[in-house]
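Worksheet for the structure shown next.
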Amino acid sequence: MSEMRVVGVRVELPANQPILLLRETDGERYLPIWIGSVEATAIALEQQGVRPARPLTHDLLKDVIAGLGRELEQVVITDLEESTFFAELVFDGDVRVSARPSDSVALALRMGVPIHAEEGVLDEAGLIIPDEQEDEVEKFREFLDSVSPEDFRGADT
(Lines of atoms letter the chains of each structure in order from A and count residues from 1; the text may use other names and numbers.)
(Lines give C-alpha, C1' and ligand atoms only; values in the text may rest on other atoms or scores of the structure.)
Protein backbone atom coordinates (compact mmCIF):
# COMPACT_ATOMS: atom_id res chain seq x y z
CA MET A 1 0.00 0.00 0.00
CA SER A 2 1.30 3.48 -0.88
CA GLU A 3 0.51 6.76 0.82
CA MET A 4 -0.91 9.31 -1.59
CA ARG A 5 -1.17 13.08 -1.55
CA VAL A 6 -3.75 15.18 -3.31
CA VAL A 7 -2.27 17.15 -6.19
CA GLY A 8 -5.67 18.69 -6.85
CA VAL A 9 -8.72 18.65 -9.07
CA ARG A 10 -9.27 20.06 -12.51
CA VAL A 11 -11.93 19.97 -15.18
CA GLU A 12 -11.07 17.84 -18.20
CA LEU A 13 -12.22 19.46 -21.42
CA PRO A 14 -14.23 19.14 -23.61
CA ALA A 15 -16.37 16.83 -21.47
CA ASN A 16 -16.25 19.14 -18.42
CA GLN A 17 -15.50 16.09 -16.27
CA PRO A 18 -13.60 16.80 -13.02
CA ILE A 19 -10.51 14.72 -12.31
CA LEU A 20 -8.94 14.14 -8.90
CA LEU A 21 -5.18 13.71 -9.22
CA LEU A 22 -3.28 11.88 -6.48
CA ARG A 23 0.47 11.21 -6.35
CA GLU A 24 2.49 8.74 -4.32
CA THR A 25 4.18 10.45 -1.39
CA ASP A 26 7.32 8.33 -1.75
CA GLY A 27 7.06 7.40 -5.41
CA GLU A 28 6.50 8.73 -8.85
CA ARG A 29 3.12 7.30 -9.79
CA TYR A 30 0.07 9.49 -10.24
CA LEU A 31 -3.48 8.22 -9.88
CA PRO A 32 -6.15 10.10 -11.86
CA ILE A 33 -9.76 9.49 -10.76
CA TRP A 34 -12.76 10.96 -12.57
CA ILE A 35 -15.17 12.37 -9.99
CA GLY A 36 -18.41 14.33 -9.77
CA SER A 37 -18.56 18.11 -9.74
CA VAL A 38 -20.00 18.28 -6.20
CA GLU A 39 -17.09 16.26 -4.82
CA ALA A 40 -14.61 18.28 -6.91
CA THR A 41 -16.01 21.45 -5.36
CA ALA A 42 -15.76 19.98 -1.84
CA ILE A 43 -12.12 19.00 -2.39
CA ALA A 44 -11.21 22.34 -4.00
CA LEU A 45 -12.87 24.31 -1.17
CA GLU A 46 -10.92 22.39 1.45
CA GLN A 47 -7.62 22.72 -0.40
CA GLN A 48 -8.14 26.46 -0.71
CA GLY A 49 -9.14 26.81 2.95
CA VAL A 50 -12.56 28.21 2.05
CA ARG A 51 -15.18 27.79 4.77
CA PRO A 52 -18.76 27.93 3.46
CA ALA A 53 -21.39 29.75 5.53
CA ARG A 54 -23.11 26.40 6.20
CA PRO A 55 -21.40 23.01 6.54
CA LEU A 56 -21.21 20.86 3.42
CA THR A 57 -22.02 17.15 3.56
CA HIS A 58 -18.38 16.21 4.23
CA ASP A 59 -18.20 18.76 7.06
CA LEU A 60 -21.37 17.26 8.52
CA LEU A 61 -19.93 13.75 8.32
CA LYS A 62 -16.77 14.94 10.08
CA ASP A 63 -18.91 16.36 12.89
CA VAL A 64 -21.02 13.17 13.11
CA ILE A 65 -17.88 11.01 13.41
CA ALA A 66 -16.55 13.23 16.20
CA GLY A 67 -19.98 13.33 17.88
CA LEU A 68 -20.10 9.55 17.97
CA GLY A 69 -16.66 9.44 19.57
CA ARG A 70 -15.06 7.61 16.65
CA GLU A 71 -11.76 8.33 14.92
CA LEU A 72 -11.12 8.09 11.20
CA GLU A 73 -7.61 6.64 10.91
CA GLN A 74 -7.13 6.53 7.16
CA VAL A 75 -8.72 6.29 3.74
CA VAL A 76 -7.75 3.45 1.41
CA ILE A 77 -8.44 3.25 -2.31
CA THR A 78 -8.98 -0.48 -2.43
CA ASP A 79 -10.02 -1.59 -5.89
CA LEU A 80 -10.70 -0.75 -9.51
CA GLU A 81 -13.39 -2.69 -11.36
CA GLU A 82 -14.61 -1.80 -14.85
CA SER A 83 -13.25 1.77 -14.60
CA THR A 84 -14.88 2.31 -11.19
CA PHE A 85 -12.67 2.99 -8.18
CA PHE A 86 -13.60 1.77 -4.69
CA ALA A 87 -12.43 3.03 -1.31
CA GLU A 88 -12.85 2.37 2.39
CA LEU A 89 -12.96 4.63 5.40
CA VAL A 90 -10.91 2.93 8.13
CA PHE A 91 -11.99 3.83 11.66
CA ASP A 92 -10.54 2.99 15.06
CA GLY A 93 -11.12 -0.64 15.99
CA ASP A 94 -10.51 -1.55 12.32
CA VAL A 95 -14.11 -0.70 11.42
CA ARG A 96 -14.28 -0.29 7.65
CA VAL A 97 -16.97 1.45 5.63
CA SER A 98 -17.15 1.30 1.84
CA ALA A 99 -17.18 4.72 0.16
CA ARG A 100 -16.47 6.47 -3.10
CA PRO A 101 -12.88 7.67 -3.40
CA SER A 102 -14.02 11.24 -4.04
CA ASP A 103 -16.04 11.38 -0.80
CA SER A 104 -13.25 9.57 1.04
CA VAL A 105 -10.62 12.09 -0.09
CA ALA A 106 -12.86 15.07 0.73
CA LEU A 107 -13.33 13.66 4.23
CA ALA A 108 -9.64 12.74 4.66
CA LEU A 109 -8.62 16.31 3.82
CA ARG A 110 -11.04 17.70 6.40
CA MET A 111 -9.93 15.27 9.09
CA GLY A 112 -6.20 15.35 8.34
CA VAL A 113 -5.83 11.59 7.89
CA PRO A 114 -3.62 9.78 5.39
CA ILE A 115 -4.84 8.55 2.02
CA HIS A 116 -3.50 5.21 0.79
CA ALA A 117 -3.89 3.22 -2.42
CA GLU A 118 -3.53 -0.54 -2.74
CA GLU A 119 -0.63 -1.65 -4.93
CA GLY A 120 -3.00 -3.48 -7.29
CA VAL A 121 -4.86 -0.23 -7.99
CA LEU A 122 -1.61 1.64 -8.64
CA ASP A 123 -0.32 -1.19 -10.82
CA GLU A 124 -3.48 -1.05 -12.92
CA ALA A 125 -4.23 2.68 -13.07
CA GLY A 126 -1.12 4.50 -11.84
CA LEU A 127 0.72 6.67 -14.32
CA ILE A 128 4.36 7.67 -14.41
CA ILE A 129 4.72 11.06 -15.99
CA PRO A 130 7.95 11.33 -17.98
CA ASP A 131 10.30 14.24 -17.22
CA GLU A 132 9.26 16.11 -20.36
CA GLN A 133 5.68 16.12 -19.04
CA GLU A 134 6.66 17.55 -15.65
CA ASP A 135 6.02 20.99 -17.15
CA GLU A 136 2.42 19.90 -17.67
CA VAL A 137 2.18 18.95 -13.99
CA GLU A 138 3.56 22.38 -13.06
CA LYS A 139 0.95 23.99 -15.33
CA PHE A 140 -1.67 21.87 -13.56
CA ARG A 141 -0.46 23.18 -10.18
CA GLU A 142 -0.63 26.75 -11.51
CA PHE A 143 -4.16 26.04 -12.73
CA LEU A 144 -5.10 24.82 -9.25
CA ASP A 145 -3.84 28.07 -7.76
CA SER A 146 -6.12 30.06 -10.07
CA VAL A 147 -9.27 27.91 -10.07
CA SER A 148 -12.27 28.69 -7.89
CA PRO A 149 -14.98 26.32 -6.60
CA GLU A 150 -17.50 28.00 -8.90
CA ASP A 151 -15.55 26.59 -11.86
CA PHE A 152 -16.80 23.12 -10.89
CA ARG A 153 -20.49 23.98 -10.90
CA GLY A 154 -22.40 22.54 -13.81
CA ALA A 155 -24.50 24.53 -16.25
CA ASP A 156 -27.67 23.39 -14.48
CA THR A 157 -26.81 25.00 -11.11
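Sequential numbering from 30 applies to the sequence shown in our numbering. Heads up, the beta-carbon is just placed ideally off N, CA and C, and yes, glycines get one too.
Can you find the residues in the same chain that come closer than 7 Å, C-beta to C-beta, to residue 128, ignoring five residues on each side of it along the sequence? Position 99 of the sequence shown, counted from the first residue, corresponds to residue 128. Cβ neighbours of residue 128 beyond the five flanking positions: 116, 117, 118.
For residue 104, count neighbouring Cβ atoms within 10 angstroms of its own Cβ and tell me buried if that reaches 16, exposed if not. Numbered from 1 along the sequence shown, position 75 holds the residue referred to as residue 104. Answer is buried; the Cβ neighbour count reaches 16.
Look at residue 155 and residue 32 and say whether their C-beta atoms are less than 9 Å apart. Sequence index remark: in the sequence shown, residue 155 carries index 126 (1-based). Sequence index remark: in the sequence shown, residue 32 carries index 3 (1-based). Contact flag unset, no.
I need the boundaries of the beta strand (DSSP E) containing residue 54, first residue and last residue. For the purposes of this step, residue 54 is identified with residue 25 of the sequence shown, where counting begins at 1. Where residue 54 is concerned, there is no enclosing beta strand (DSSP E), given that its DSSP letter is neither H nor E.
On the DSSP bridge assignment, give the partners of residue 37 in chain order. As a position in the sequence shown, residue 37 is number 8, starting the count at 1. Note: residue 37 sits in a beta bridge opposite 50.
Does the distance from the C-beta atom of residue 138 to that of residue 75 stay below 9 Å? To locate residue 138, count along the sequence shown from 1; it is residue 109. To locate residue 75, count along the sequence shown from 1; it is residue 46. Closer than 9 Å, so yes.
In chain order, which alpha helix (DSSP H) runs of at least 4 residues are fully inside the region 80-110? 86-96
If you drop the 5 nearest sequence neighbours on each side, which residues of the same chain put their C-beta closer than 7 Å to that of residue 141? Here residue 141 refers to the residue found at position 112 of the sequence shown. There are no such residues.
Apart from the five residues on each side of it in sequence, which residues of its chain come closer than 6 Å, Cβ to Cβ, to residue 71? Taking the sequence shown and counting its residues from 1, one reaches residue 71 at position 42. Within the same chain, residue 71 has close Cβ partners 85, 87, 135.
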